[in-house]
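Chemist: My structure is below; once you've seen it, I'll send some questions.
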Amino acid sequence: MNVRGRFLGTVIVLFFCIMCCMSFAAFALETGTYTLRKSIEEAFSNNWSLKAKAEKITQSEQVKKQARAEFFPKLSTSYGYTRLSETPTIDFELPPPAPGSSEFPVGTRDNYQWKGTVTQPLFTGFALLSSYDLAKLGIDQSRIELSLEKLNLALQVKEAYFAILKADKALDVAQKAVAALESHVKVAQNFYDVGMIPVNEFLKAEVELSNAQHDLVRAQSGARLARASFNTVLSRPIEAPVEVEDILFYKAVACALQDYLPKALKNRPEIKAIDLAIQQTDQQIRLAKSKNYPEIAFTYDYIKEGDDMGVSGDEYHDASRWEATVGLSWTFWEWGKTHYAVREKQSLKKQLLHQKRALEDGILLDVKNAILDLEVARKDIPTTKKAVEQAEENLRVSEERYKVQATTSTEVLDAQTLLTQARSNYYDALYDHNLAKARLKRAIGEY
Numbered sequence: 027m028n029v030r031g032r033f034l035g036t037v038i039v040l041f042f043c044i045m046c047c048m049s050f051a052a053f054a055l056e057t058g059t060y061t062l063r064k065s066i067e068e069a070f071s072n073n074w075s076l077k078a079k080a081e082k083i084t085q086s087e088q089v090k091k092q093a094r095a096e097f098f099p100k101l102s103t104s105y106g107y108t109r110l111s112e113t114p115t116i117d118f119e120l121p122p123p124a125p126g127s128s129e130f131p132v133g134t135r136d137n138y139q140w141k142g143t144v145t146q147p148l149f150t151g152f153a154l155l156s157s158y159d160l161a162k163l164g165i166d167q168s169r170i171e172l173s174l175e176k177l178n179l180a181l182q183v184k185e186a187y188f189a190i191l192k193a194d195k196a197l198d199v200a201q202k203a204v205a206a207l208e209s210h211v212k213v214a215q216n217f218y219d220v221g222m223i224p225v226n227e228f229l230k231a232e233v234e235l236s237n238a239q240h241d242l243v244r245a246q247s248g249a250r251l252a253r254a255s256f257n258t259v260l261s262r263p264i265e266a267p268v269e270v271e272d273i274l275f276y277k278a279v280a281c282a283l284q285d286y287l288p289k290a291l292k293n294r295p296e297i298k299a300i301d302l303a304i305q306q307t308d309q310q311i312r313l314a315k316s317k318n319y320p321e322i323a324f325t326y327d328y329i330k331e332g333d334d335m336g337v338s339g340d341e342y343h344d345a346s347r348w349e350a351t352v353g354l355s356w357t358f359w360e361w362g363k364t365h366y367a368v369r370e371k372q373s374l375k376k377q378l379l380h381q382k383r384a385l386e387d388g389i390l391l392d393v394k395n396a397i398l399d400l401e402v403a404r405k406d407i408p409t410t411k412k413a414v415e416q417a418e419e420n421l422r423v424s425e426e427r428y429k430v431q432a433t434t435s436t437e438v439l440d441a442q443t444l445l446t447q448a449r450s451n452y453y454d455a456l457y458d459h460n461l462a463k464a465r466l467k468r469a470i471g472e473y
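Right, dumping it as structure tokens:
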């Protein structure tokens with residue numbers, strides 16, 4: 027009995043250990059450090075808009091299959107019953123020597139008919155072919171829309187990712203400012219206690235510390251908000267913990283417009299989409315022109331008739347018969363309706379060509395704007411980095427002078443403010459540089 031109890035106890039302990047390990051692994055996975063690549067991949071996997079765009083591709087493929095089905099024969103059937111008011115007859119004049127007339131039945135009052143029909147279009151003025159080509163272009167259009175959605179989402183992920191890094195740097199700057207001011211207040215407190223400084227100088231140091239603590243609270247809130255925004259973009263729980271790899275550094279890139287413009291005009295999904303729209307318009311023009319032609323179709327009917335539901339024939343109806351017909355229909359005059367429809371589509375094509383030129387100008391501006399932002403950051407980063415080094419040295423000298431009462435607390439506080447601002451400017455320049463690179467990638471159709 028004791029052995030059995032110990033065995034059950036061991037099993038229970040092992041079970042709880044396994045569950046704890048699984049929970050820890052799940053937690054580690056959830057809270058693992060995100061790289062930029064991993065962030066984009068997870069956004070692509072989870073984003074609801076991308077899933078909706080993928081479904082649109084499936085819909086377009088089904089539309090293409092529907093258009094292809096129009097080329098093949100159509101099978102249909104019908105069954106009907108007709109009840110006449112009286113039996114159909116024919117008057118027959120009798121010849122001499124028994125002159126007069128007589129009625130002879132030529133049908134039945136009850137008439138049943140079953141018909142099976144095969145219809146095959148032979149010529150539709152290229153309407154079926156145009157509709158099929160439009161459906162194929164619709165698939166390409168849906169795929170381009172998915173690519174465009176991915177491109178925009180990748181930029182949103184990068185913006186959210188760099189926003190976390192910027193918020194963390196701002197938090198770090200605020201924490202360092204609070205720590206420095208706390209140290210300064212202690213020194214000022216000691217000087218005040220021994221009567222070396224007036225009370226207003228000590229109070230000024232405490233006020234600056236309070237302001238720095240206020241800025242720290244705001245920086246902490248900003249860091250939490252940046253993570254919530256990041257989680258939202260990746261379709262994660264808004265309160266899920268997030269740690270990201272710090273890649274907020276400077277890496278020089280080419281800043282020549284001619285290096286990027288051809289690639290942008292080639293890769294941008296917006297250009298591909300409008301080119302496809304122009305191709306679709308060409309097919310719409312051909313579809314509209316199809317009304318100028320007659321339509322020719324072949325029809326085959328297999329018919330069974332009779333005076334009962336079994337349609338097995340009777341003395342007035344054959345048990346079965348068939349009919350084959352080649353028919354032509356042509357609406358050749360509609361007061362210019364087809365002509366105006368063609369002109370409408372031709373005007374639409376011109377509109378799209380104008381929009382393409384405007385889009386190309388807009389792409390040029392996007393690339394130019396991103397390059398200018400990169401140039402600004404390239405010039406700002408060395409300047410702001412040097413400013414940080416100078417501000418750190420300035421604060422060190424001011425603190426040493428204050429300790430020997432060679433200067434006032436105001437100089438130390440001003441030096442701390444300058445350092446805080448210099449650090450903020452430096453990290454802002456790094457953020458702007460990385461964001462400009464991300465937007466340049468978006469401008470040339472890459473992520």
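Numbering of the sequence shown is given in the working numbering, commencing with residue 27 and proceeding in unit increments. Note that the Cβ used here is the ideal one computed from N, Cα and C, for glycine as well. Only a predicted model underlies this, so the values are computations on that prediction, with no experimental measurement involved.
#1: Roughly how many whole angstroms lie between the Cα atoms of Glu78 and Leu439?
#2: Put Trp140 into one of helix, strand or coil per three-state DSSP.
#3: Three-state secondary structure (DSSP) at Ile414?
#4: Tell me which residues share the same chain as Cys46 and place their Cβ nearer than 7 Å to its Cβ, disregarding the 5 neighbours each side in the sequence.
#5: Which whole runs of the alpha helix (DSSP H) in the stretch 237–313 are 4 residues long or more, in chain order?
#6: Using alpha carbons as the reference points, say which of Leu374, Lys277, Thr325, Glu341 lies closest to Ala314.
#7: Near Thr115, what residues of its chain come up, given a Cβ to Cβ distance below 7 Å and the 5 sequence neighbours on each side ignored?
#8: Please classify His240: is it buried, with 16 or more other beta-carbons within 10 angstroms of its beta-carbon, or exposed?
#9: In three-state terms, what does DSSP make of Phe53?
#10: Is Thr446 closer than 8 Å to Glu271 when the C-beta atoms are compared?
#11: Rounded C-beta distance between Val279 and Ala238? I'm assuming under 8 Å.
#12: What did DSSP end up calling Pro114 once you bin it into helix, strand or coil?
#13: So what's Trp361 in DSSP terms, helix, strand or just coil?
#14: Take every Cβ of the stretch 161–169, pair it with every Cβ of the stretch 346–361, and state whether three or more of those distances are shorter than 8 Å.
#15: How big is the Cα-Cα spacing for Glu321 and Val352?
#16: Quick check on Trp74: does DSSP put it in helix, strand or coil?
#17: Taking only the alpha-carbon atoms, compute the straight-line gap between Ile470 and Ser65 and give it to the nearest angstrom.
#18: Alpha carbon to alpha carbon, how far is Ala462 from Glu419?
#19: Here's a check: name, in chain order, each residue in its chain whose Cβ is nearer than 8 Å to the Cβ of Ile190, leaving out the five neighbours to either side.
#20: Contact between the stretch 152–162 and the stretch 298–312 is defined here as three or more beta-carbon pairs at a separation below 8 Å; is this criterion met?
#21: Please look up how many angstroms separate the CB atoms of Ala303 and Leu378, rounded, as I've assumed it's under 8 Å.
#22: I believe Val199 touches Ala69 by the beta-carbon criterion, under 8 Å. Please report the beta-carbon distance rounded to the nearest angstrom.
#23: Can you tell me which residues form a DSSP beta bridge with Asp327?
#24: Under the DSSP definition of a beta bridge, which residues are partnered with Gly332?
#25: Check the C-beta distance from Leu154 over to Phe98 and give it rounded, since I have them as a contact under 8 Å.
#26: Run through DSSP, which three-state label would Gly388 get?
#27: Round the Cβ separation of Tyr452 and Lys411 to the nearest angstrom and send it over; I've been treating them as touching at under 8 Å.
#28: In the DSSP output, what is Gly106 paired with across the bridge?
#29: Is any beta-carbon of chain B found at less than 8 Å from that of Ala254?
#30: Of the residues Leu444, Ala403, Ser450, Tyr107, which one's Cα is nearest the Cα of Tyr276?
#31: Would DSSP call Tyr319 helix, strand or coil?
#32: Under 6 Å Cβ to Cβ from Leu174, same chain only, skipping five residues before and after it: list those, please.
#33: Measure from the alpha carbon of Leu287 to the alpha carbon of each residue in Leu421, Asn178, Asp392, Lys100, then state which is nearest.
#34: Assuming Phe188 and Tyr457 are in contact, meaning their beta carbons sit under 8 Å apart, how far apart are those beta carbons, in whole angstroms?
#35: Would a C-beta distance cut-off of 8 Å place Leu181 and Ala384 closer than the cut-off?
#36: Quick check on Phe118: buried or exposed, where buried means 16 or more other Cβ atoms within 10 Å of its Cβ?
Modeler: The answer reads as follows:
#1: The amino acid at residue 78 is misidentified as Glu; the sequence shows Ala. Between Ala78 and Leu439, the alpha-carbon positions lie close to 55 Å from each other.
#2: Here Trp140 sits in strand by DSSP.
#3: Checking the sequence, you will find Val at residue 414 rather than Ile. Here Val414 sits in helix by DSSP.
#4: Only weak support is given to the placement of Cys46: the predicted model assigns it a pLDDT of 42, under 50, and the value that follows is read from those uncertain coordinates. Excluding positions up to five away in sequence, the list is empty.
#5: 287–293
#6: Leu374
#7: Glu129, Phe130, Pro131, Val132
#8: exposed
#9: For Phe53, the predicted model reports a pLDDT of 39, less than 50, meaning its position is unreliable and no value from the coordinates is stated.
#10: no
#11: That pair is no contact at about 36 Å.
#12: coil
#13: coil
#14: no
#15: 11 Å
#16: helix
#17: Going by the C-alpha atoms only, they are around 21 Å apart.
#18: Straight-line spacing of the CA atoms in Ala462 and Glu419 works out to 31 Å.
#19: Ala249, Ala252, Arg253, Phe256, Val268, Val270
#20: A contact exists between the stretch 152–162 and the stretch 298–312.
#21: 5 Å
#22: With 8 Å as the limit, Val199 and Ala69 do not qualify as a contact, their Cβ atoms being about 29 Å apart.
#23: Thr143, Glu349
#24: Tyr138
#25: Their Cβ separation, rounded to whole angstroms, is 10 Å, which puts Leu154 and Phe98 out of contact at 8 Å.
#26: helix
#27: 6 Å
#28: Gln139
#29: No chain B is present in this structure, which holds just one protein chain.
#30: Ala403
#31: coil
#32: Pro295
#33: For Leu287, the closest C-alpha among the options Leu421, Asn178, Asp392, Lys100 is that of Asp392.
#34: 6 Å
#35: Their beta carbons are not under 8 Å apart, which means Leu181 does not touch Ala384 by this criterion.
#36: exposed
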